[in-house]
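A.B. asks:
Residue numbers (UniProt numbering): 1 to 87.
(1) Give the DSSP bridge partners of residue 46, in chain order.
(2) Rounding to the nearest angstrom, what Cα-Cα distance links residue 75 and residue 28 in this structure?
(3) By DSSP, does residue 33 sit in helix, in strand, or in coil?
(4) Looking at the structure shown, is residue 53 part of a helix, part of a strand, or coil, going by DSSP?
(5) Leaving out five residues on either side along the sequence, give the residues of the same chain with a beta carbon under 7 angstroms from the beta carbon of residue 53.
(6) Taking all protein chains shown into account, do 16 or more other C-beta atoms lie within 10 angstroms of the C-beta of residue 61, making it buried, or fewer, making it exposed?
(7) Enumerate in chain order the residues of its own chain whose CB-to-CB distance from residue 14 is below 8 angstroms, with the five nearest sequence positions on each side excluded.
(8) Using 10 angstroms around the beta-carbon of residue 19, count the other beta-carbons present and answer buried if the total reaches 16, otherwise exposed.
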């Protein structure tokens, strides 16, 4: 079973923090409404993704966290942050 979480990208990430279950494939669907170049990329070294976010398009990033914990992601410039909490 796949879990899907929609994240709006405007003046940061909304919701800023999400909770997902351990060992469950989760699709994070980002939609960027803000034309700022800062928000044009979302990335997480901890979760292993870097993805361009075209304006006004849904972009899916699939994760499958194997360990409980808190994992950060940010815009390409590191100014806006979000968090994935794995339980």
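From the three backbone atoms N, C-alpha and C, an ideal C-beta is built for every residue, glycine too.
C.D. replies: Short version:
(1) Reading the chain shown from its first residue, position 46 is the one you call residue 46. Beta bridge pairing from DSSP links residue 46 with no other residue.
(2) In the chain shown, the residue the question calls residue 75 occupies position 75. In the chain shown, the residue the question calls residue 28 occupies position 28. Those two C-alpha atoms are separated by around 15 angstroms.
(3) The residue labelled residue 33 in the question sits at position 33 within the chain shown. If DSSP states are grouped into helix, strand and coil, residue 33 belongs with coil.
(4) Position 53 of the chain shown, counting from 1, holds the residue named residue 53. Look at residue 53 here: in three-state DSSP terms it is coil, with no helix or strand label.
(5) Stepping through the chain shown from its first residue, residue 53 is reached at position 53. The residues are 9, 30, 32, 39, 40, 41, 42 and 59.
(6) Position 61 of the chain shown, counted from the start, is the residue given in the question as residue 61. By the 10 Å Cβ count, residue 61 comes out buried.
(7) Residue 14 sits at position 14 when you count from the first residue of the chain shown. These residues qualify, in order along the chain: 7 and 8.
(8) Taking the chain shown and counting its residues from 1, the one referred to as residue 19 is at position 19. Here residue 19 is exposed, its C-beta having fewer than 16 other C-beta atoms within 10 Å.
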